[in-house]
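Worksheet: one structure, shown below.
Protein chains: 2
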Amino acid sequence: METLPALRPQKIADPDHDILDLFAERWSPRAFADRPVRPEKIRRMLEAARWTMSSYNEQPWRYAVASRHENADEYERLLHCLSDGNQEWARTAPVLMMSFYKTTFSHNGHENQAAPHDVGAASAALTFQATAMDLFVHQMAGIKKDVIRETYDVPDDFEPMAGLAVGYLGDPERLPDGRRDAERSPRSRKPLDGFVFGEDWDAPAALVTDE
Amino acid sequence: METLPALRPQKIADPDHDILDLFAERWSPRAFADRPVRPEKIRRMLEAARWTMSSYNEQPWRYAVASRHENADEYERLLHCLSDGNQEWARTAPVLMMSFYKTTFSHNGHENQAAPHDVGAASAALTFQATAMDLFVHQMAGIKKDVIRETYDVPDDFEPMAGLAVGYLGDPERLPDGRRDAERSPRSRKPLDGFVFGEDWDAPAALVTDE
Chain X
4 METLPALRPQ KIADPDHDIL DLFAERWSPR AFADRPVRPE KIRRMLEAAR
54 WTMSSYNEQP WRYAVASRHE NADEYERLLH CLSDGNQEWA RTAPVLMMSF
104 YKTTFSHNGH ENQAAPHDVG AASAALTFQA TAMDLFVHQM AGIKKDVIRE
154 TYDVPDDFEP MAGLAVGYLG DPERLPDGRR DAERSPRSRK PLDGFVFGED
204 WDAPAALVTD E
Chain V
4 METLPALRPQ KIADPDHDIL DLFAERWSPR AFADRPVRPE KIRRMLEAAR
54 WTMSSYNEQP WRYAVASRHE NADEYERLLH CLSDGNQEWA RTAPVLMMSF
104 YKTTFSHNGH ENQAAPHDVG AASAALTFQA TAMDLFVHQM AGIKKDVIRE
154 TYDVPDDFEP MAGLAVGYLG DPERLPDGRR DAERSPRSRK PLDGFVFGED
204 WDAPAALVTD E
C-alpha cells in the first residue's frame with residue numbers, strides 16, 4: 004500500500020475570500036493510490052448526495068457504483084463505459100461510478116429541465132463528503148453513452164451524465180506520459196468579477212468590486 | 004430584527020450513514036428573516052462556487068446578484084425574473100441571485116453538454132458555504148426566461164438556469180397561506196437502494212444492501 008500525503012500543497016486553492024477548507028482542498032486528480040476504499044465510506048458519499056436539493060424533490064439522480072476490490076468484473080464493465088482517453092488514467096482509481104438523471108418528473112411526466120443541474124449538485128455533495136474523508140473524485144464528461152445504455156439496459160427516460168473516479172491520492176508516476184504535469188500544476192479560476200454581475204450582463208456586480 | 008434559531012430541528016436530516024453536518028442541516032426554506040446579509044458573506048458564497056470542478060475547467064457558471072439592502076431597484080428587477088408563484092415567497096429573502104450557464108466551450112466553440120450539471124455543482128458549493136455561515140438558500144427552477152433575457156440582455160450562448168433566494172431563516176407566518184406547512188414538515192428522501200445500482204439497472208448495488 005502506498006503511503007502518500009492526502010494533500011498536495013500546490014493544489015490547495017488560494018481563495019480571495021474565506022471558504023471552507025473542503026472547497027479549497029478538493030481537486031480532480033488522475034493518479035489514484037492502489038488502496039481500497041471501505042464500503043462504508045462509499046455509502047457515506049452516496050448518503051451526502053441523497054440529501055441534496057432538487058426541483059420538486061424529484062431526486063432525479065441515479066448512480067452505478069463499482070469497486071475493484073469488491074467486484075473486479077463489475078469494475079471492468081463500468082471502466083469500459085468511459086471514453087478511451089479517460090480509461091487510460093481512470094483505471095488507477097479503485098472505485099468508479101456513473102451518474103444518470105431522470106429526464107421527466109415522476110409526479111406529472113413532464114420534462115424536468117433542472118435534472119442535469121440537480122445531479123450536478125448531488126455529485127458535488129458526494130465529492131465534498133469524499134474530501135472530508137481524504138478521498139478524491141474526478142468527474143468525466145467523456146463517456147460512451149451507447150455502451151452505457153447497452154451495458155446497464157438504461158430506461159428511455161434516463162440519461163447518462165458523467166463518470167466518477169474515486170480513491171485516495173496516488174503517485175503521478177503511475178500515469179501515462181503527458182498526464183503527469185496536470186497533477187502538479189496549480190489550480191486556476193476566473194476572479195469573482197469574471198462571473199458575477201449586478202445591473203448589466205457586462206458589468207461586474209458592485210458587491211464584488213466595492214470591497 | 005427578528006431573532007430566530009438558525010436551525011429548525013425537524014428539518015435536520017436523519018441520515019442512514021454519517022455525513023457532514025452541513026449536508027444534514029441544509030434545507031430550502033421559503034420564509035426568510037428581514038435581516039441583511041453582509042456583502043462579505045455573499046462574496047464567500049460566490050468564492051465557494053468559484054472553486055468548483057467543471058468540464059475542461061470551463062467554469063460555465065455566471066450569477067446575477069442583488070441585495071435588497073444594498074440596491075432595492077436591482078433587487079426588484081431580479082425578483083420579477085422569477086415565476087409569479089415564486090415571487091410570492093422569495094420576496095422575503097434579502098438577497099436574490101440568478102444562475103446562468105454558457106452553452107458552448109470557450110476553447111473550441113463546441114456544445115458543452117456538462118454545463119447545466121456544472122452550474123448545479125457550483126450552486127451546491129455556494130449553498131453549502133451558506134449553510135456553514137447560518138445562511139439558507141432556496142433554488143427555483145420556476146423562472147421567466149424571456150423576462151430574464153430582456154432584463155439582462157443575455158448573450159445567445161448563455162442560458163438562464165435557476166433563481167436562488169438567500170438569507171437567514173425567518174418566521175413561517177410571513178408567508179402566504181398554503182406556504183407554511185412545508186416550512187415545518189420533515190425532509191424526506193429515497194433510501195440509497197432506491198438510486199444506487201451495481202450490475203443491473205433494477206437491482207440495488209450489493210454495496211448498499213450488504214452491510
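Sequence order for the protein chains is X and V.
Taking the working numbering, the leading residue of the first sequence gets 4, the next gets one more, and so forth.
Taking the working numbering, the leading residue of the second sequence gets 4, the next gets one more, and so forth.
For glycine and all other residues, C-beta sits at the position ideal for the given N, C-alpha and C.
Here the structure is a predicted model, which means the values were calculated and not measured.
As far as DSSP is concerned, V/Tyr171 takes part in no beta bridge.
Beta-carbon to beta-carbon, V/Arg53 and X/Arg192 are separated by about 5 Å, close enough to satisfy the 8 Å threshold. Between V/His72 and X/Asp213, the alpha-carbon positions lie close to 15 Å from each other. Cα atoms of V/Val140 and X/Asp180: separation of roughly 44 Å, rounded to the nearest angstrom. Between V/Ala96 and V/Ala168 the beta-carbon gap is near 4 Å, inside 8 Å, which marks them as a contact. Comparing alpha-carbon positions, the option among V/Ala16, V/Ala36, V/Leu99 and V/Ser86 lying closest to X/Phe200 turns out to be V/Leu99. Excluding its 5 nearest sequence neighbours in each direction, V/Ala69 has C-beta neighbours in its own chain below 6 Å: Glu77, Tyr78, Leu81 and Leu99, listed in chain order. What V/Ile45 touches in chain X, judged by beta-carbon distance under 7 Å, is Leu210, going in chain order. Contact between V/Pro119 and X/Pro119 holds, since their C-beta atoms are separated by about 4 Å, short of 8 Å. Beta-carbon to beta-carbon, V/Pro63 and V/Val122 are separated by about 6 Å, close enough to satisfy the 8 Å threshold.
At a C-beta separation below 7 Å, X/Glu202 has these neighbours in chain V: Glu77. Judged by DSSP secondary structure, V/Leu99 falls outside any alpha helix (DSSP H) and instead within the beta strand (DSSP E) spanning Val98 to Lys105.
Assignment of V/Gln116 by DSSP, reduced to helix, strand and coil, places it in the coil class. In terms of CA proximity to X/Leu210, V/Glu43 leads the group V/Ala16, V/Glu43, V/Leu25 and V/Ile15. Here the C-alpha atom of X/His83 lies approximately 8 Å from the C-alpha atom of X/Val150.
Interface residue (Cβ-Cβ distance to chain V less than 8 Å): X/Trp92 is not classified as such. The beta-carbon separation of X/Gly173 and X/Ala75, rounded to 18 Å, does not stay under the 8 Å limit for a contact. Here V/Ala128 is near X/Phe26, since their CB atoms are less than 8 Å apart. Look at the segment 182-199 of chain X: the residues with a C-beta under 9 Å from a C-beta of chain V are Arg190, Ser191, Arg192, Lys193, Pro194, Leu195, Gly197, Phe198 and Val199.
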